[in-house]
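Numbering (the UniProt record's numbering), first residue to last: 1 to 153.
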């Protein structure tokens, strides 16, 4: 598993440590593995935390550490015992989730999110993104929604 930022992963998945994001990553890994695609796991920590270009001791480390731990836990649960997980990369950034997910999925085939609420994050990602958004629910098949932003060339 690569631990660096990927450029143009086939599938981008938003993970925040919730059961919904765990389901989203499980589904994304299955889809990617069946097609030989790569997966980028994206986690944003609170956008209202100070943003620094470099790590500054004592600043936002708690929020970042919680986000990193949640990401690692979910990735571990999904890949543990799996014979051949797809190629994966991890992105962890202090940003608004919709901005970061749209940016990271710009050249992707699919953005995958867990179903939380009534499509709030999915709709914001569709407005900014250029690839379809799959919303994975607790039961039933994921809902795949088209991107609303024009494709950038």
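Each residue gets a CB set at the ideal place from its N, CA and C atoms; glycine is no exception.
Return helix, strand or coil for residue i, following the three-state DSSP convention.
i           : result
residue 130 : coil
residue 116 : coil
residue 148 : coil
residue 76  : helix
residue 27  : helix
residue 138 : coil
residue 105 : coil
residue 9   : coil
residue 44  : strand
residue 34  : helix
In angstroms with no decimal places, state the Cα-to-Cα distance between residue i and residue j.
i          : j           : result
residue 96 : residue 82  : 31 angstroms
residue 46 : residue 65  : 12 angstroms
residue 16 : residue 146 : 23 angstroms
residue 80 : residue 36  : 19 angstroms
residue 71 : residue 31  : 19 angstroms
residue 62 : residue 44  : 13 angstroms
residue 42 : residue 141 : 22 angstroms
residue 74 : residue 132 : 23 angstroms
My understanding is that residue i touches residue j, with C-beta atoms under 8 angstroms, so please give their C-beta distance in whole angstroms.
i          : j           : result
residue 11 : residue 28  : 5 angstroms
residue 40 : residue 104 : 6 angstroms
residue 34 : residue 114 : The Cβ separation is near 20 angstroms, so there is no contact.
Please identify the residue among the options whose C-alpha is closest to the C-alpha of residue i.
i           : options              : result
residue 121 : 104, 139 and 99      : 99
residue 148 : 141, 124 and 142     : 124
residue 110 : 90, 85, 38 and 116   : 38
residue 93  : 115, 106, 129 and 68 : 68
residue 129 : 106, 77 and 87       : 106
residue 116 : 73, 139 and 132      : 139
Using a Cβ-Cβ distance under 8 angstroms, would residue i count as near chain C?
i           : result
residue 141 : The displayed structure is made up of one protein chain only, and chain C is not part of it.
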